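Colleague:
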Amino acid sequence: MITIAIGLSIVLLLVILFLLFRIGTLASIFRGSSVRAAGTTKTSNRVNGTLLLLFLVLGGAAFAWSFADAWDEMNLPLASVHGEWTDNLFWTTMIIIGIVFVITQVLLFIYSYKYQHKDDKRAYYYPHNNKLEIVWTMIPAVVMALLVFGGWKTWTKITSAAPEDAVVIEVMGKQFNWMVRYPGADGQLGVARHTLIDATNEFGVDFSDPNAQDDFMPREIHVPKGKPVLLKIRSRDVIHSVFMPHFRLKMDAVPGMPTKFWFVPSKTTNEMANETGNPDFKYELACTEICGRGHFAMRFIVVVDEPEDYEAWLAEQKPFVEQNPQVLAKFSTESSKTLVAEAHQEEKATEVKTEL
1334 MITIAIGLSI VLLLVILFLL FRIGTLASIF RGSSVRAAGT TKTSNRVNGT
1384 LLLLFLVLGG AAFAWSFADA WDEMNLPLAS VHGEWTDNLF WTTMIIIGIV
1434 FVITQVLLFI YSYKYQHKDD KRAYYYPHNN KLEIVWTMIP AVVMALLVFG
1484 GWKTWTKITS AAPEDAVVIE VMGKQFNWMV RYPGADGQLG VARHTLIDAT
1534 NEFGVDFSDP NAQDDFMPRE IHVPKGKPVL LKIRSRDVIH SVFMPHFRLK
1584 MDAVPGMPTK FWFVPSKTTN EMANETGNPD FKYELACTEI CGRGHFAMRF
1634 IVVVDEPEDY EAWLAEQKPF VEQNPQVLAK FSTESSKTLV AEAHQEEKAT
1684 EVKTEL
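Numbering (the numbering used here), first residue to last: 1334 to 1689.
1. Can Phe1596 and Ser1413 be called in contact, C-beta distance under 8 Å?
2. Note down, one range per segment and in chain order, each beta strand (DSSP E) of at least 3 residues found wholly within the segment 1528–1567.
3. Taking the Cβ atom as the reference point for each residue, do Met1550 and Arg1514 lie within a distance shorter than 8 Å?
4. If you measure between the beta carbons of Arg1379 and Gln1438, is that distance less than 8 Å?
5. Drop a sphere of 10 angstroms on the beta-carbon of Pro1543, count the other beta-carbons inside from all chains shown, and report buried for 16 or more, exposed for fewer.
6. Going by CA-CA distance only, name the one from Ile1623, Thr1621, Met1584, Pro1652 that's closest to Ile1491.
7. Beta-carbon within less than 6 Å of Gln1521's beta-carbon, same chain only, minus the 5 sequence neighbours each way: which residues are those?
8. Report, in whole angstroms, the separation of the C-beta atoms of Val1501 and Tyr1643, which I expect to be a contact under 8 Å.
9. If you draw a straight line from the alpha carbon of Pro1598 to that of Val1637, how long is it in whole angstroms?
10. With Met1505 as the anchor, note down where its alpha helix (DSSP H) starts and where it stops.
11. Report the rounded CA-to-CA distance for Arg1552 versus Phe1664, giving the unit in angstroms.
12. Please check the pair Met1631 and Ala1619, which I expect to be a contact at CB under 8 Å, by giving their CB distance rounded to whole angstroms.
13. In the DSSP assignment, find the beta strand (DSSP E) that holds Asp1638 and state where it starts and stops.
14. Quick check: the Cα distance between Tyr1616 and Val1635, rounded to an integer number of angstroms?
15. Out of Thr1533, Leu1384, Leu1411, state which residue places its alpha-carbon closest to the alpha-carbon of Pro1658.
16. Looking at the secondary structure, which residues open and close the beta strand (DSSP E) in which Ala1586 lies?
17. DSSP state of Val1524, grouped into three classes?
18. If you run the structure through DSSP and keep just helix, strand and coil, what is Leu1480?
19. Does the Cβ-Cβ distance between Phe1540 and Val1654 come in under 8 Å?
20. Using the DSSP secondary-structure output, state which residues sit across from Ala1619 in a beta bridge.
21. In chain order, what residues of the same chain have a beta carbon less than 6 Å from the beta carbon of Thr1487, not counting five sequence neighbours either side?
22. Roughly how many whole angstroms lie between the Cα atoms of Lys1600 and Lys1558?
23. On the three-state DSSP scale, how would you describe Asn1421?
24. Helix, strand or coil: which one does DSSP assign to Tyr1448?
25. Leaving out the 5 sequence neighbours to the left and right, which residues in its chain are closer than 8 Å to Leu1347 when beta-carbon positions are compared?
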């Protein structure tokens, strides 16, 4: 708040000075003196040019200070393998664009001062230069092509197929919370259908499917350090977005179009707590797609465990049907077989469309 207040004060001060100067200029012109008006024009150019240089210096200093002050907030500690690739790509792009931005802005303000209007100066007519146009076209084109190519390579690595031994977790967003489902000992998630969703079975899981019998739905996401984790993402209503900033992970949850993202956690929650000096540190999954009035509440705790701690946590989890035995009564043997078969077909068709 203090930073914002100081910035607004500086801007308001500059605006007031500019308006006072303009009032004086207009008053001189309205008095009807052409000589005075010409002198006022020269003074106006000189003052404007000086103010532009002052704005360049003060604005540059304010920008550098705010950038340094917000550095820790902008650069959250990394906690995934692919996060390093993402950060390298981001900062390479920012450095290149930043250098060009600084050069162009400095020249813009300096030239505004240096080439201000003077009665004894005339503009040099320079309409065309093929070599110059080729240079300032080709250099940005080559640089941008290299950045795009680097981004494509990074994105290809990040979105490659998950390893077969990846921990599979289904994440579903709905207004206004996240739900999570793990496969049990069989390692296979049971099929789900939107037509089966009710107050108890919020995922719409067909519990007559043998693969669903041991699925469980915890209140926190637990993942093992150093092992690949595959998130199967979907939405139950509107577009949401899975965002885990420390893992540099972001993927939209789109209704009717399953998405996915896999990553390898590189630091446990305890290690990150020690690194940040915050004993209460928690990784979190947040929604970054404004999805309605309760959007702010869509947060979910993520815990990164050592592999042995993760296995101990996994062993403690109870299947959903064991905790809610009443859901099994809704699934008869014959009808459920048909539902499972149809659901498998829909799931395969959806995966094909997603890959395409």
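Quick reminder that beta carbons are idealized off the backbone N, C-alpha and C, glycines included. Here the structure is a predicted model, which means the values were calculated and not measured.
Modeller: Taking the definition as stated:
1. Yes, these two residues count as a Cβ contact at 8 Å.
2. You should have 1554–1557.
3. yes
4. no
5. exposed
6. Met1584
7. Asn1544
8. Wrong, their Cβ atoms sit about 14 Å apart, outside the cutoff.
9. 7 Å
10. That residue, Met1505, is in no alpha helix (DSSP H); its beta strand (DSSP E) goes 1500–1507.
11. 25 Å
12. The beta-carbon separation of Met1631 and Ala1619, rounded to 7 Å, stays under the 8 Å limit for a contact.
13. Residues 1632–1638.
14. 5 Å
15. Thr1533
16. 1582–1586
17. coil
18. Three-state result, Leu1480: helix.
19. yes
20. Phe1576, Arg1632
21. Taking Thr1487 as the centre and dropping the five residues before and after it, the same chain places the C-beta of Trp1418, Leu1422 closer than 6 Å to its C-beta, in chain order.
22. Near 6 Å, if we compare the C-alpha coordinates of Lys1558 and Lys1600.
23. Correct three-state label for Asn1421: helix.
24. coil
25. Leu1384, Phe1388
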